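Visitor: For the record, the sequence lines run as chains L and X. So for the first sequence, our numbering puts the first residue at 1; every next one is plus one. So for the second sequence, our numbering puts the first residue at 1; every next one is plus one. We put the CB at the ideal spot given by N, CA and C, even for glycine. Because the structure is a prediction, the values reported are computed rather than measured.
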Amino acid sequence: AQSVAQPEDQVNVAEGNPLTVKCTYSVSGNPYLFWYVQYPNRGLQFLLKYITGDNLVKGSYGFEAEFNKSQTSFHLKKPSALVSDSALYFCAVRVDTGGFKTIFGAGTRLFVKA
Amino acid sequence: DAGVTQSPTHLIKTRGQQVTLRCSPKSGHDTVSWYQQALGQGPQFIFQYYEEEERQRGNFPDRFSGHQFPNYSSELNVNALLLGDSALYLCASSLTVNYGYTFGSGTRLTVV
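1) Express the C-alpha separation of X/L76 and X/G115 in angstroms, rounding to a whole number.
2) Have a look at L/G62 and L/F46 and give me their C-alpha separation to the nearest angstrom.
3) Closer than 8 Å is the cut-off here; do at least three beta carbon pairs connect the segment 41–61 of chain L with the segment 92–112 of chain X?
4) Short of 8 Å in beta carbon distance, which residues of its chain neighbour L/V11, apart from the five on each side in sequence? Order them along the chain.
5) Counting Cβ pairs, one atom from each stretch, are 3 or more of them under 8 Å apart for the segment 18–37 of chain X and the segment 89–97 of chain X?
6) In whole angstroms, what is the alpha-carbon distance linking X/S65 and L/V57?
7) Assign L/L33 to one of two classes, buried (16 or more other C-beta atoms within 10 Å of its C-beta) or exposed (fewer than that).
8) Hey, out of L/T24, L/F104, L/R94 and L/Y89, whose CA is closest to L/P40's CA?
9) Would L/G105 count as contacting chain X if we go by Cβ distances under 8 Å?
10) Does the beta carbon of X/S105 sit closer than 8 Å to a beta carbon anywhere in chain L?
11) Strictly below 8 Å CB to CB, what residues from chain X border L/T97?
12) Classify X/F69 as buried or exposed, calling it buried when 16 or more other Cβ atoms lie within 10 Å of its own Cβ.
13) Which one or two residues does DSSP pair with L/D96 in a beta bridge?
14) At what residue ranges does the segment 29–64 of chain L contain a whole run of the beta strand (DSSP E), taking only runs of 3 or more?
15) Going along chain L, which residues have a C-beta under 8 Å from X/P25?
16) Between L/G105 and the rest of its own chain, which residues show a CB-CB distance below 8 Å, the 5 nearest in sequence each way excluded?
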């Protein structure tokens, strides 16, 4: 089955430290991968996407993600976390079910402590 | 440039009633997808509209139906509401499915 998984419900990191939010996927064919962020009582905001090309993708707000085909992973990273980065992060993948749709992981809550 | 607009922002309905949620996509976008996000969970795909037709559907019962208009705006209809339909309903627009979505802020539906 085509799917996306976020193995951590919550990630805690101190402000100024690097952060990683993990994502693994299972799709047929070449993956189209996305990261979104959600703040309380709001819709999701697009951060970045991987379609093809360089395995390191840069996105909004200083975030980047590394595509690893052999490990079927697409981890979200930031070199130096800010308290304002505290939010809910979703990994998503486009899947082919006779047409295309995007499915989302269960989400990872990021807490950045001052 | 307006983003995705959803209305209403909040709604309270009684079990068994029907509800219609509305979405205006971002200017230039032609594809609208609807998602249901229960509290503490990731968004679950309901269906997707393109060229006024339902192109893809998730694992939702026929009580959930939709429509897309010539101006690309869309409606989500839910009949015979159940308590379990209480959730945040998100509309996302895109220019084809190959690119990232732009999401609206959602409609919070509470069924009592």
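Guide: Checking against the coordinates, here is how it stands:
1) Absent from the model: residue 115 of chain X. The displayed extent of chain X is 1 to 112, so no value can be given.
2) Stepping through the first sequence from its first residue, residue 62 of chain L is reached at position 62. Stepping through the first sequence from its first residue, residue 46 of chain L is reached at position 46. L/G62 and L/F46: Cα-Cα distance of roughly 13 Å.
3) yes
4) The residue given as residue 11 of chain L occupies position 11 in the first sequence. Contacts found: L19, T20, V21, T108, R109, L110 and F111.
5) yes
6) For the purposes of this step, residue 65 of chain X is taken as the residue at position 65 of the second sequence. For the purposes of this step, residue 57 of chain L is taken as the residue at position 57 of the first sequence. Straight-line Cα distance between these residues: approximately 37 Å.
7) Against the first sequence, residue 33 of chain L aligns to sequence position 33. L/L33 is buried by the Cβ-count criterion.
8) For the purposes of this step, residue 40 of chain L is taken as residue 40 along the first sequence, with counting starting at 1. Here the closest residue by C-alpha is L/Y89.
9) Here residue 105 of chain L corresponds to residue number 105 of the first sequence, with the count starting at 1. Yes, because at least one Cβ of chain X sits closer than 8 Å to the Cβ of L/G105.
10) By 1-based counting over the second sequence, the position of residue 105 of chain X is 105. By this cut-off, X/S105 is an interface position.
11) Residue numbering aside, residue 97 of chain L sits at position 97 when the first sequence is read from its first letter. Result: Q56.
12) Numbered from its first residue, the second sequence carries residue 69 of chain X at position 69. So X/F69 ends up on the exposed side.
13) Along the first sequence, read from residue 1 onward, the residue named residue 96 of chain L stands at position 96. Partner(s): L/F100.
14) 32–38, 44–50 and 56–58
15) The sequence position of residue 25 of chain X within the second sequence is 25, counting from 1. Here the premise fails: no neighbours, minimum Cβ distance about 13 Å.
16) The residue you call residue 105 of chain L lines up with position 105 of the first sequence. Here the set comprises V4, A5, Q6, C23, F90, C91 and A92.
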